[in-house]
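Colleague:
Number of protein chains: 2
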Amino acid sequence: MFDSRHIKTFHQVVSSGSYSAAARVLGYTQPAVTQQMKALERTAGVPLFTRAGRGLRLTEAGEALARHAETILGSLAAAQQQLGALARLRAGRVRVCGFPSANATLIPEAMARLLADHPGVRVELTEAEPPESVQRLLRGECDVALSFSYVGGGNAPVPEELAEIPLLEDRLTVLLPVGHPLARRHAVRMADLVEERWIAGCPRCRANLLQVCAEQGYAPDVVFTTDDNLAVQSLVAAGVGIALMPSLVLAFMCHQKVTGRLVEPHQFRRVSAYVLREHLRVPATAVVVEELRLAAAARAGC
Amino acid sequence: MFDSRHIKTFHQVVSSGSYSAAARVLGYTQPAVTQQMKALERTAGVPLFTRAGRGLRLTEAGEALARHAETILGSLAAAQQQLGALARLRAGRVRVCGFPSANATLIPEAMARLLADHPGVRVELTEAEPPESVQRLLRGECDVALSFSYVGGGNAPVPEELAEIPLLEDRLTVLLPVGHPLARRHAVRMADLVEERWIAGCPRCRANLLQVCAEQGYAPDVVFTTDDNLAVQSLVAAGVGIALMPSLVLAFMCHQKVTGRLVEPHQFRRVSAYVLREHLRVPATAVVVEELRLAAAARAGC
DNA sequence: GCGGACCCCAAAATCCGCTTATGCTTCATC
DNA sequence: GATGAAGCATAAGCGGATTTTGGGGTCCGC
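Chains S and H, in that order, give the protein sequences. Under the numbering used here, the first residue of the first sequence carries the number 1, and numbering increases by one thereafter. Under the numbering used here, the first residue of the second sequence carries the number 1001, and numbering increases by one thereafter.
#1: What residues from chain S crowd round MET1001(H), counting only those whose CB sits closer than 9 angstroms?
#2: State the Cα-Cα distance for the pair THR117(S) and VAL123(S), rounded to the nearest angstrom.
#3: Tell me, which residues are paired with TYR274(S) by DSSP?
#4: Distance check for GLU1041(H) and LEU26(S), CA to CA, integer angstroms please.
#5: Any residues in the region 1105-1139 of chain H with a beta carbon nearer than 7 angstroms to a beta carbon of chain S? Which ones, in chain order?
#6: What does ILE199(S) pair with, by DSSP beta-bridge criteria?
#7: CB-CB under 6 angstroms to ALA1284(H), same chain, minus the five flanking residues each way: which ones, in chain order?
#8: Could you tell me the distance, in whole angstroms, from the CA atom of HIS1320(H) to the CA atom of CYS1202(H)?
#9: Helix, strand or coil for PRO1177(H) per DSSP?
#10: With DSSP as the reference, label TYR1150(H) as helix, strand or coil.
#11: With 8 angstroms as the limit, tell me which residues of the region 80-105 of chain S have their beta carbon closer than that to any beta carbon of chain H; keep them in chain order.
#12: Have a look at GLY1241(H), GLN1233(H), ASN1229(H), ALA1214(H) and flag the residue whose alpha-carbon is nearest the alpha-carbon of VAL1222(H).
#13: For SER1075(H) versus HIS266(S), is the C-beta spacing smaller than 8 angstroms?
#14: Using a cut-off of 9 angstroms between C-beta atoms, extract the partners of ALA32(S) located in chain H.
#15: What is the rounded straight-line gap between the Cα of TYR28(S) and the Cα of VAL232(S)?
#16: Roughly how far, in whole angstroms, is the beta-carbon of TYR274(S) from the beta-carbon of ALA145(S), given that I think they are within contact range, below 8 angstroms?
#17: Do PRO1246(H) and SER1101(H) have their C-beta atoms closer together than 8 angstroms?
#18: Near LEU250(S), which residues of its chain fall below 6 angstroms by C-beta distance, leaving aside the five closest residues on each side in sequence?
#19: Excluding sequence positions up to five away, which residues of its chain have a Cβ less than 6 angstroms from the Cβ of VAL288(S)?
#20: Assuming ALA52(S) is part of the beta strand (DSSP E), what are its boundary residues?
#21: Could you tell me which uninterrupted alpha helix (DSSP H) segments, each at least 4 residues in length, are contained entirely in the region 1019-1107 of chain H, listed from first to last along the chain?
#22: Compare the Cα-Cα distances from VAL1188(H) to each of ALA1219(H), LEU1235(H), ALA1243(H), PRO1166(H) and report the closest residue.
#23: Quick one: which residues of the region 1041-1053 of chain H get their C-beta closer than 7 angstroms to a C-beta of chain S? List them in chain order.
#24: Using the three-state DSSP reduction, which class does ASP170(S) fall into: helix, strand or coil?
#25: How about THR1062(H) and GLY45(S): do their beta carbons lie closer than 8 angstroms?
#26: Sort PRO1166(H), ASP1227(H), PRO1181(H), GLU1215(H) by Cα distance to ARG1269(H) and report the nearest one.
#27: What does DSSP give as the partner residues of ALA191(S) in its beta bridges?
#28: Who are the neighbours of LEU1065(H) on chain S, taking C-beta pairs under 9 angstroms?
#29: Given that a residue counts as buried once 16 or more other Cβ atoms are within 10 Å of its Cβ, and exposed if not, what is CYS254(S)?
#30: For PRO1157(H) and ARG1204(H), which I take to be in contact (beta-carbon distance under 8 angstroms), what is that distance rounded to the nearest angstrom?
#31: In terms of residues, what are the limits of the alpha helix (DSSP H) holding VAL310(S)?
#32: Tell me the DSSP secondary structure of ARG281(S) in three-state form.
#33: Nearest to GLU1132(H) by alpha carbon, out of SER1015(H), ALA1295(H), CYS1097(H), ASN1103(H)?
#34: Whose Cβ in chain S lies nearer than 9 angstroms to the Cβ of GLU943(H)?
#35: At least one CB of chain S closer than 8 angstroms to the CB of HIS1011(H): is that the case?
#36: Please go through the same chain and pick out, in chain order, the residues whose beta-carbon is closer than 7 angstroms to the beta-carbon of VAL1033(H), but skip the five residues on each side of it.
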């Protein structure tokens, strides 16, 4: 049975290219590395290195072990990371990663109640656009991820090890300058917006815009693309174009010269929270998820 | 970074169900196991066990680590096994796994020349029906695998890490009792065998028989199935039925009362050797593969 | 209530691995 | 080809980690 420390050192030697360099990186002295590699060769039963002048070269067996080392260290790191996450969660520290509009609306509401009801829980919040947030969750960089998906969009399937908690259906509105003729209506038909110029948002939102318009039989004239919601707001106010905008984003739009109107036919994006299935039963994650659900439910009534 | 020895002990504790039992299995004393698990819990940062009366129970973190332990130990074992194989090969010991008819024909011919030309090489031969032989190769239980596939058959794709060395196209014959009316012909048309009763061989061969007949527009009347070639020979001799049989098998059929005839349209199975790509450059495997190719080429002329 | 099975604890002994110190080889430079 | 720098190997000594020993506590079945 190989010693994991030897494997780690071996891996460092391979990537550093010398014993001395590996020793410097790992905080050993050079003879320590020599001895570890000797021990490794003893347990392997084959030489792993050959001397090539001043430097080293891997033998065939060394090459083989180098490939395996990646896997071995990877599985060790995965285990360590998961246990680390569990320990953190047990201590009540939850890392949440949301997308901008949720971080500005849903999350603060949920967190306010959370901290009142469960004073022991500590939250760290980061921001990432979907699908990056879910990727972070899978990489163990956060414990709860918020993401959204458009209904018709070809979204990647949710990995097996993740639990999806549907939060709300976020209806889409069209953001208009206040003087716009259609702004007097309560709701606006997508079909009436054929002649408009458009401002598109994040890649997913842009793709959705194109699809919704395609269903109405036209291709929108997208004159500007940015994932900065406040920029979109200002652009609309300035009359550059109009934009499709989820209600959640609209909630923190405060520009005097823009207004949102629900679109017809009804469009929405599904907002969900994601958690590793294994963490569902951990109190800290459970309460965070529960408060998110409550906050989402409260908001759905508005 | 976890210590692999701790992981190994942990795994044994989980499967044994107690510290003492694990200690007995691993040749430690019980306190040693206690301390190792203590150290493991320290590096993990979470308790892994809770006391449940006389025995132990895993915590949630323990469950998680137990799942990872399988992976970790598996990747360590895989590395060790591959290095072991390399060491063996470097020492000139090659483990070959063939299917019965190759073991009786091709392999002895190749091995005779091999041992003459390369006296240092030692060969161990085992037998397995495809696709089992390739599975053994992937599991590291042999170094060279021989397998065959029928042309139209839906064969599983060859894994990436394997090199396929085509050896020969083994033409199919039909095995007939000597008195059979068609036995006077040099070759036999499959279409003329509609009314015959059939004896089928191994699963792959049986599937191929069904397909070949289906191409001729009929379903064969299979009255007997066995993967024992000598049994097939005797059954044919006894007039129970006829059989589709590769030339390679025919080569060691010596029963007086049976005879083989090539079938039309030409049918054959492809016989190949498989080696881990990484072992292609290792002398011992290289010479074995080369001798197999030569033996196959020599036989193809017959 | 007693014995067996099991685990924990503490101290002593052992063992392993790291460091220090030194020598050898290789390579670049003059 | 002499010299110095960089790198690896080896030996000896030390310190910490790990194991064993010995003793004690708890739980469970009889």
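Backbone N, C-alpha and C fix where the C-beta goes; we use that ideal spot for every residue, glycine too.
Modeller: Taking the definition as stated:
#1: SER4, ARG5, LYS8, LEU73, LEU76, ALA77, GLN80
#2: Position check: residue 117(S) holds Asp in this sequence, whereas Thr was assumed. About 14 angstroms.
#3: ALA145(S), GLU164(S)
#4: 23 angstroms
#5: none
#6: PHE224(S), ALA243(S)
#7: LEU1089, GLY1092, VAL1094, VAL1121
#8: Since the first and last residues shown for chain H are 1001 and 1302, residue 1320(H) lies out of range.
#9: strand
#10: strand
#11: GLN80, GLN82, LEU83, GLY84, LEU86, ALA87, ARG90
#12: GLY1241(H)
#13: no
#14: Within chain H, no residue comes near ALA32(S); the closest Cβ sits about 16 angstroms away, beyond 9 angstroms.
#15: 55 angstroms
#16: 5 angstroms
#17: yes
#18: THR173, GLY260
#19: VAL94, VAL144
#20: 49-52
#21: 1019-1026, 1030-1044, 1060-1090, 1100-1104
#22: ALA1243(H)
#23: ALA1044, GLY1045, VAL1046
#24: strand
#25: Here the sequence assigns Gly to residue 1062(H), which means Thr is not the residue at that position. Result no, Cβ atoms of GLY1062(H) and GLY45(S) do not sit closer than 8 angstroms.
#26: PRO1166(H)
#27: The partner list for ALA191(S) (beta bridge, DSSP) is empty, contrary to what the question assumes.
#28: ALA79, GLN82, LEU83
#29: exposed
#30: Between ARG1204(H) and PRO1157(H) the Cβ distance is about 16 angstroms, and since that is not below 8 angstroms, they are no contact.
#31: Because chain S here runs from 1 to 302, residue 310(S) falls outside it and cannot be looked at.
#32: coil
#33: CYS1097(H)
#34: Because chain H in this structure spans residues 1001 to 1302, residue 943(H) falls outside the shown range and cannot be described.
#35: no
#36: THR1009, VAL1013, TYR1019, ALA1022, ALA1023
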